[in-house]
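Visitor: Numbered according to this note's numbering, the sequence shown spans residues 390 to 832.
C-beta: ideal position from N, C-alpha, C; glycine also.
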Amino acid sequence: MAKNGFEKHTRIGHYRLPLAIASSLLVLGVLGCAVHDTWANDASRTERDTPTDVAQEPGDAMPPEALPELDDRLVTAQNAFGFNLFSQVMQSASDENVMISPSSVAIALAMTYNGASGETQEAMAQALELQGMSLDEINQSNAALETILEQADPQVKIGIANSLWGREGVSFDESFLQRNQTYYNAEVQRLDFADAAATDVINEWVSDSTEGRIPQIIQQIEPEQVLFLINAVYFNGTWSNPFDPELTQDQSFTLADGSSQMVPMMRQAGRFRYTENDQFQAVHLPYGDRRLSMVVVLPQEGVNLSDVQQTLTPENWEAWENSAGSREGMVQLPRFESEYGTQLNDALKALGMDRAFDPSVAEFAGMSREEALYISDVQHRTFIKVDEAGTEAAASTSVGVGITSAPMDPPFQMVCDRPFFYAIQDNETGAILFMGTVMNPAS
390 MAKNGFEKHT RIGHYRLPLA IASSLLVLGV LGCAVHDTWA NDASRTERDT
440 PTDVAQEPGD AMPPEALPEL DDRLVTAQNA FGFNLFSQVM QSASDENVMI
490 SPSSVAIALA MTYNGASGET QEAMAQALEL QGMSLDEINQ SNAALETILE
540 QADPQVKIGI ANSLWGREGV SFDESFLQRN QTYYNAEVQR LDFADAAATD
590 VINEWVSDST EGRIPQIIQQ IEPEQVLFLI NAVYFNGTWS NPFDPELTQD
640 QSFTLADGSS QMVPMMRQAG RFRYTENDQF QAVHLPYGDR RLSMVVVLPQ
690 EGVNLSDVQQ TLTPENWEAW ENSAGSREGM VQLPRFESEY GTQLNDALKA
740 LGMDRAFDPS VAEFAGMSRE EALYISDVQH RTFIKVDEAG TEAAASTSVG
790 VGITSAPMDP PFQMVCDRPF FYAIQDNETG AILFMGTVMN PAS
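Laid out in C-alpha cells, this is it:
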C-alpha cells in the first residue's frame with residue numbers, strides 16, 4: 390500500500406534508539422442510516438503534488454531555499470494546545486508513564502477541522518488555539534511544518550503520515566478530501582466496513598507507518614462509524630553524544646508512592662544546555678546535529694512532579710528555554726521504554742470541543758452535505774524507547790567557546806531517580822513533538 394512518500398523518511402533499520410512514535414485516530418460517525426454511492430469522484434486515486442514536494446533519498450536534508458515558509462502562529466497554537474491537552478490527560482492518569490504527541494493529535498484534528506462548520510468549527514478553533522488563523526493559513530502552515538520537521542536533521546528520522554478511510558457508499562465532499570491530500574499528504578481510501586478485514590487493513594497501515602511499534606489502533610468498526618482520520622508520527626534520533634553503556638549501573642528509583650525500584654541508570658558528564666530554579670532542574674539532551682533535543686525536567690528534592698506540571702504553560706516553557714545556558718555537569722537518566730494509549734474524548738470536550746461530539750448539534754457540512762456527521766471517538770497511542778545509543782557529533786567546535794575570566798557556575802548534578810517530565814522538541818521552530826512523564830522506568 391502506498392504511503393504517499395512516508396516510507397522514504399522511515400527506512401531506518403540501521404539506526405538505533407532513542408525512538409518515539411505516536412498515532413492518533415479520529416472517528417466520524419453518522420446520525421441515521423442513509424448511505425449514498427459516491428466517493429467524491431474517486432478522490433482516492435490522486436496524491437499530493439505541490440511545490441513543497443522534493444524528491445530525495447532518506448536522510449538527505451532539503452536545501453534551505455526549498456523549505457516552505459512557516460507561520461509561527463501555528464507552532465505557538467500547537468504547543469499551547471499540547472500543554473492544555475497534557476494537563477487534561479494527566480488529571481485522569483494514575484501513576485503510569487504517560488506520553489502524548491501534541492503534533493499528532495493537532496494534525497488529526499486539523500484534518501477534521503477542514504470539514505467543520507458553524508459553531509463546531511469555532512469551538513474546534515478555540516480548543517486548538519487557532520483563533521485568528523484562516524483555514525488556508527492553517528493548512529499551508531501544517532504542510533510547511535511537516536516538511537520542515539521531516540528534513541530538520543539528516544541524523545534524525547521523522548516521518549509523518551496521514552490517511553482517511555471512508556465507508557463505501559457514504560458521500561464525502563470532494564474539496565474536503567482534496568485539501569487533506571494537498572496539505573496533509575493524506576492517503577484516501579474507501580473500504581467495506583462490514584467486512585471484518587477492514588480493521589486489519591487500517592491497522593496494517595498504522596503498523597507500517599510506525600515501523601511495527603503500534604500494531605493496532607482499532608479493534609472493531611461500529612455500524613455508525615463512517616470515516617477514520619489517522620495521523621502517525623515516527624521519530625528515531627541518535628544522541629549527539631551517546632551515553633557509554635559501560636557506565637550504566639543499576640540504581641534505585643523512587644516511585645510516587647515512596648517505594649523504590651532498581652533500574653538501569655545511564656550517566657554522562659559534559660557541557661549541556663541547562664537551567665534550574667527552586668522547582669526543578671532542566672537539561673537539553675541533543676540529537677544528531679543538535680537541532681532537536683529531549684528536554685528533561687526533574688523536580689527538585691521535596692517537590693512533587695504534579696506541582697511542576699501545573700506550571701507547564703507555553704509562556705513558562707519559553708521563559709525557561711530563554712533562561713537556559715551552557716554549563717558543565719553530570720546527567721543520570723534511566724533507560725526506559727513505555728507504551729501508552731488513551732481515548733481523548735473527555736479531554737477534548739473539557740477543552741471546549743463537546744459540540745463536535747454531540748450527534749444532535751455537531752456541524753460538519755464541509756465534510757459531507759448529505760450526512761449528519763459527528764466525532765464519535767478520538768484514540769491516541771504512543772511508544773517510546775530511550776537507551777544509551779547515539780552518534781557522536783561530527784565536530785565539537787562549540788565546546789569551550791565563550792569562556793572568559795568571568796566566574797563560572799559550578800558543575801551541576803542532575804540525577805533522575807524519581808518521576809520526571811520530558812519533551813522532544815525542534816529547537817529551531819520550537820515545535821514540541823512529544824511530551825510525557827516517567828513515573829516508573831521499569832513499568
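(1) Here's the rule I'm using: 16 or more other beta-carbon atoms within 10 Å means buried, otherwise exposed. How should Met651 be labelled?
(2) Out of Val590, Ala532, Val672, state which residue places its alpha-carbon closest to the alpha-carbon of Ser682.
(3) Helix, strand or coil for Ser695 per DSSP?
(4) Output the distance between the C-alpha atoms of Phe624 and Tyr676, rounded to the nearest integer angstrom.
(5) Whose CA, out of Asn816, Phe809, Val416, lies closest to the CA of Pro612?
(6) Buried or exposed: where does Thr826 fall if 16 or more other Cβ atoms within 10 Å of its Cβ makes it buried?
(7) Is it the case that the stretch 712-727 contacts the stretch 463-471, given that we only count it when at least three CB pairs across the two stretches are under 8 Å?
(8) Note the first and the last residue of the continuous alpha helix (DSSP H) segment covering Met513.
(9) Can you give me the Cβ contacts of Phe753 inside the same chain, cut-off strictly under 6 Å, excluding the 5 residues immediately before and after it?
(10) From what residue to what residue does the beta strand (DSSP E) around Arg758 run?
(11) Provide the residue span of the alpha helix (DSSP H) that contains Val590, from first to last.
(12) Alpha carbon to alpha carbon, how far is Asn666 from Glu526?
(13) Note the first and the last residue of the continuous alpha helix (DSSP H) segment covering Asp461.
(14) Identify which residue in Met500, Gly521, Ile619, Gln477 has its Cα closest to the Cα of Thr465.
(15) Report the three-state DSSP secondary structure of Ile607 (helix, strand or coil).
(16) Give every residue of the same chain whose Cβ lies closer than 7 Å to the Cβ of Met742, excluding the five residues on either side of it in the sequence, and list them in chain order.
(17) Would you identify the three-state DSSP class for Thr702, choosing helix, strand or coil?
(18) Quick one, are the C-beta atoms of Phe809 and Leu687 less than 8 Å apart?
(19) Could you give the first and the last residue of the continuous beta strand (DSSP E) run that contains Thr501?
(20) Looking only at its own chain, which residues have a Cβ that is under 6 Å from the Cβ of Ala831, when we skip the five neighbours before and after it?
Guide: Judging by the given coordinates:
(1) exposed
(2) Val672
(3) helix
(4) 11 Å
(5) Val416
(6) buried
(7) no
(8) 507-516
(9) Gly504, Ala505, Leu762
(10) Arg758 -> no beta strand (DSSP E), and no H or E assigned at all.
(11) 586-598
(12) 38 Å
(13) 461-481
(14) Gly521
(15) coil
(16) Ala512, Met513, Ala516
(17) coil
(18) yes
(19) Run containing Thr501: none in the beta strand (DSSP E); it sits in the alpha helix (DSSP H), 491-502.
(20) Gln650, Val652
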